[in-house]
Amino acid sequence: MRSLRRRAILLALICVCGAAIGTAYAVAGVSASSSSDIVLGLNNMSTGQGALFGAQYLTGAQVAVNDINKAGGINGRHVKLIVRDSKTDPVQGVQTSLQLLNSDHVDAMLCNCFTTIMFPIAHALASKKTVIFSSASSSPALAQQGKNIVSTIATDDQVAPVLADWMYGRGFKNAGVIAPTDQIGVAEAAEFIKKYKADGGTIVTRVDTGDNLPDYTSEMQRVVSSGAKVLYFLAVGADGQLMFRELNQLGWKGLIFVLYPSGNGLNTDPNANGRVFGIEPGFATGTAKLQQEFKASSHKPAAWFNGVGYDTVQIAARAVAGAKDPKSVTSVQQAAVKAAGQFNAATGKYSFNSHYIRINPAVAYFACKNGQFIEVTKAGKIK
Amino acid sequence: MLQYIVNTAIFACELGLVAMSFNLSYRVLGFANFSHVEFVTIGGLVAVTVAGHVPIYLAAVAGCVVAGAVSLVANEGVFKPLRSATVATKMIASAGVAIAIRGIDQILWGVEGRRFPGGAPRTFHVGGAYITGVQVLIIVSAVGCVVAFALILRFTRIGRSVRAVANNPALAETRGISTQRARNQVCFIAGAIAGLAGVLLGVDTVVSPQIGIALLIPMFAACIVGGAGSPFGALLGAVLVSAATTLSVSVDFGSLFGSGSYYLGSQWKTVAAFSLLVLVLFVKPTGFFGPQRERL
Numbered sequence: 057m058r059s060l061r062r063r064a065i066l067l068a069l070i071c072v073c074g075a076a077i078g079t080a081y082a083v084a085g086v087s088a089s090s091s092s093d094i095v096l097g098l099n100n101m102s103t104g105q106g107a108l109f110g111a112q113y114l115t116g117a118q119v120a121v122n123d124i125n126k127a128g129g130i131n132g133r134h135v136k137l138i139v140r141d142s143k144t145d146p147v148q149g150v151q152t153s154l155q156l157l158n159s160d161h162v163d164a165m166l167c168n169c170f171t172t173i174m175f176p177i178a179h180a181l182a183s184k185k186t187v188i189f190s191s192a193s194s195s196p197a198l199a200q201q202g203k204n205i206v207s208t209i210a211t212d213d214q215v216a217p218v219l220a221d222w223m224y225g226r227g228f229k230n231a232g233v234i235a236p237t238d239q240i241g242v243a244e245a246a247e248f249i250k251k252y253k254a255d256g257g258t259i260v261t262r263v264d265t266g267d268n269l270p271d272y273t274s275e276m277q278r279v280v281s282s283g284a285k286v287l288y289f290l291a292v293g294a295d296g297q298l299m300f301r302e303l304n305q306l307g308w309k310g311l312i313f314v315l316y317p318s319g320n321g322l323n324t325d326p327n328a329n330g331r332v333f334g335i336e337p338g339f340a341t342g343t344a345k346l347q348q349e350f351k352a353s354s355h356k357p358a359a360w361f362n363g364v365g366y367d368t369v370q371i372a373a374r375a376v377a378g379a380k381d382p383k384s385v386t387s388v389q390q391a392a393v394k395a396a397g398q399f400n401a402a403t404g405k406y407s408f409n410s411h412y413i414r415i416n417p418a419v420a421y422f423a424c425k426n427g428q429f430i431e432v433t434k435a436g437k438i439k
Numbered sequence: 064m065l066q067y068i069v070n071t072a073i074f075a076c077e078l079g080l081v082a083m084s085f086n087l088s089y090r091v092l093g094f095a096n097f098s099h100v101e102f103v104t105i106g107g108l109v110a111v112t113v114a115g116h117v118p119i120y121l122a123a124v125a126g127c128v129v130a131g132a133v134s135l136v137a138n139e140g141v142f143k144p145l146r147s148a149t150v151a152t153k154m155i156a157s158a159g160v161a162i163a164i165r166g167i168d169q170i171l172w173g174v175e176g177r178r179f180p181g182g183a184p185r186t187f188h189v190g191g192a193y194i195t196g197v198q199v200l201i202i203v204s205a206v207g208c209v210v211a212f213a214l215i216l217r218f219t220r221i222g223r224s225v226r227a228v229a230n231n232p233a234l235a236e237t238r239g240i241s242t243q244r245a246r247n248q249v250c251f252i253a254g255a256i257a258g259l260a261g262v263l264l265g266v267d268t269v270v271s272p273q274i275g276i277a278l279l280i281p282m283f284a285a286c287i288v289g290g291a292g293s294p295f296g297a298l299l300g301a302v303l304v305s306a307a308t309t310l311s312v313s314v315d316f317g318s319l320f321g322s323g324s325y326y327l328g329s330q331w332k333t334v335a336a337f338s339l340l341v342l343v344l345f346v347k348p349t350g351f352f353g354p355q356r357e358r359l
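Note that the protein sequences, when read in sequence, are chains A and B.
Just so you know, we're using the working numbering here: the first sequence kicks off at 57 and counts up by one.
Just so you know, we're using the working numbering here: the second sequence kicks off at 64 and counts up by one.
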């Protein structure tokens, strides 16, 4: 009985301490930001399959916040970034968005979320008056997902065909496709295949893969059996690394082409040297100092997605500060278009279509060398 | 065909170790410990971290020991205080432990995949099938581990006390066997075996904080097909689940649809595992070696 009472007292003490810490934290959180601050909410893939992109994006976003605040803010307003983790999961992503909107009361939301997560978020927030700055959903269908979106990356219908042209142009007339069966994989594969076939190429095999499975040997065996010497490879993160390793274990010696190589992690494979190629918009010229900042902040080589995070924060903060009516979605979106030309963007010049989606970014070509993706010419030679 | 058998055997070995140790812990602790797959991750991550400094077999031992120790700590810190709680409470607590371990893994090791040093393993081409030296080692190690586990269980004092507690804890207590000590021993052994599976999986593939959770669904399927609480039944379950999942993506269904070639995508592997599970439960609701049939 005495032991039970002691336990009850201990439990009560723990609850009181927890409540006190929670209250102190909440008060500190409120007092840390003044009412004039621009509060940006980042719905980030900090963990899960998109974590590599998430880490790179967050580095860039934090560098942007520091740069803005060090320079005295935008129109005197400092930027505060609230980060929540979607865990690269659609259900969690929607919850996180609602928390950012309803609990954190952010002025604008940055979604570093793959298409599979971005679409449910866009659907859930379609009626809200807050603008969503999407940075990792490249599906062409993004334009139909809501009227409150600004996309700071180009869609697959713009980028995947460039990769198809590059592969075909380098003399690879037969290719295999490895694509996860989610919205990203399906959309990117469709855009690629359409253009590759139009160029005259043949798809010799297509392997649909799932996510986060412990073994893909049988699927990779089919790739090897198909005789494909070159692959359009859409798997990312640990899945992609596993598939590439299995391909090598099965004796496959071909080449791999990817979109957005800096975030897929294939460069860490010892077999990737000279065999993995990719395209992404890349860094703009004159951003060497900024790239040094990214490197210093993350202790890793600067990656293109650092730049996406940096640019998106810059655009979103300036859009909120510069909008004639910050409560009007259209006003913030129009201000975003204007804001994109007001700073030295890491990933080059921004243009938007009528759906506020980035169009026609200049594309850079990359090859894996010594564990890193370095820029190459269209012919595949190191620049 | 030979490649299919090889692929099935390799995954069955990796999965078998996890499922066998899970069923051992289920039998003795009395609930499904969701955090068990995280000991796989810990084993792999610890081994890959120290592998650069010590020989691979020592790295494997380190992975097993740390995984076993974490399993022991989880039992002492979380499951022991909840001994009198309901099974549902303990399962939810174990899910919490799993999330906490995965979070700590990501803080300590990051999210990127890691590889054991040594570059690409040597690949052998035997009778039309490919198999790497590492995969041969995996099969040998897994079989060796199962045999050693069976011998420990059968012929050692620890094994006898574990069997006694697993079969009848109250009776074991009256015979002077400390059930708590036996539970701790089981937690350590089960964690260490799961850790070994993580090391083998990591040597064969890539180690990331996700490798454990990726095994959760096939592991459950293997455990239930083999018989809940039956460590050796889980091995049979692992072979069947591995065969079903491998088969699901290896068969060309093109002739069924009148097209040249049509294979199911990888996401169908889970469907195959659970279809097998349902099928077995229809025929044998307790699995092949359910608790009524097998004594440890």
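Don't be surprised by glycine CBs; every beta carbon is placed ideally from N, CA and C.
| Item | Value |
| --- | --- |
| Residues of the stretch 263-278 of chain A with Cβ closer than 9 Å to any Cβ of chain B, in chain order | V263, D264, T265, G266, D267, N268, L269, P270, D271, Y272, T273, S274, E275, Q277 and R278 |
| Residues of the stretch 287-314 of chain A whose Cβ lies closer than 8 Å to any Cβ of chain B, in chain order | G293, A294, Q297, L298, R301, E302, N304, Q305, L306 and G307 |
| Span separating the alpha-carbon of B:L344 from that of B:G300 | 12 Å |
| Proximal residues, the stretch 274-291 of chain B versus chain A, C-beta separation under 8 Å | I274, I276, A277, L278 and P281 |
| Residue-chain proximity (A:G232, chain B), Cβ-Cβ < 7 Å | no |
| Assigned exposure category for B:S204 - 16 Cβ within 10 Å defines buried | buried |
| Residue environment, B:V81, which counts as buried when at least 16 other CB atoms sit within 10 Å | buried |
| Alpha-carbon spacing of A:G321 relative to A:F248, whole angstroms | 21 Å |
| Residue-level contact to chain B via CB, A:T172, 7 Å cutoff | no |
| Buried/exposed call for B:T71, threshold 16 Cβ in 10 Å | buried |
| Three-state secondary structure assigned by DSSP to A:L298 | helix |
| Cα-Cα separation, B:V111 to A:Y224 | 39 Å |
| Min CB distance B:V269 to chain A below 7 Å | yes |
| Cβ-based burial, B:N106 [other Cβ within 10 Å; buried from 16] | Just to set this straight, residue 106 of chain B is Gly in the shown sequence, not Asn. Result: buried. |
| Simplified DSSP assignment, three categories, for B:E139 | helix |
| Interface partners of A:L108 on chain B, CB under 7 Å | V174 and E175 |
| Cβ pair A:V162, A:L154 closer than 7 Å | no |
| Residue-level contact to chain A via CB, B:S329, 7 Å cutoff | yes |
| Residues that A:T152 contacts on chain B, provided the C-beta gap is smaller than 8 Å | Near A:T152 there are no residues of chain B at all, since even the closest Cβ is about 16 Å away, more than 8 Å. |
| Reduced DSSP category for A:S190 - H, G, I as helix; E, B as strand; rest coil | strand |
| The stretch 311-330 of chain A in contact with the stretch 404-419 of chain A per 3-pair CB rule at 8 Å | no |
| The alpha helix (DSSP H) enclosing A:Y421, as first and last residue numbers | A:Y421 -> not in any alpha helix (DSSP H); beta strand (DSSP E) instead, spanning A420 to K425. |
| Proximal residues of chain B, C-beta to C-beta of A:A111 below 9 Å | G173, V174 and E175 |
| Any C-beta of chain B under 7 Å from that of A:T103 | yes |
| Contact residues within the stretch 407-435 of chain A, judged by C-beta distance below 9 Å to chain B | none |
| Distance cut-off 6 Å: B:V189 Cβ against heavy atoms of the ligand NAP | Summarising the ligand content, the structure contains no ligands, and the ligand NAP is consequently not present. |
| Three CB pairs or more closer than 8 Å across the stretch 370-378 of chain A and the stretch 388-399 of chain A | yes |
| A:G404 (DSSP reduced to helix, strand or coil) | coil |
| Short-range partners of chain B found in the stretch 320-334 of chain A, where Cβ spacing is below 9 Å | G321, T324, D325, P326 and N327 |
| Cβ pair A:S142, A:N99 closer than 7 Å | yes |
| Nearest neighbour of A:A441, chosen from A:S353, A:N304 and A:T186 [CA to CA] | Missing from the structure shown is residue 441 of chain A; chain A here goes from 57 to 439 and no further. |
| As assigned by DSSP and simplified to three states, the class of B:A163 | helix |
| Residue ranges of each beta strand (DSSP E) within the stretch 263-349 of chain A, 3 or longer | 286-289, 311-315 and 332-336 |
| Contacts that A:T237 makes with chain B (C-beta to C-beta distance below 7 Å) | G328 and Q330 |
| Alpha-carbon to alpha-carbon, A:V233 and A:T208 | 27 Å |
| Residues of its chain near B:L57, where Cβ-Cβ distance is below 7 Å and the 5 sequence neighbours each way are ignored | Nothing about residue 57 of chain B can be reported from this structure: the residues present for chain B run from 64 to 359 only. |
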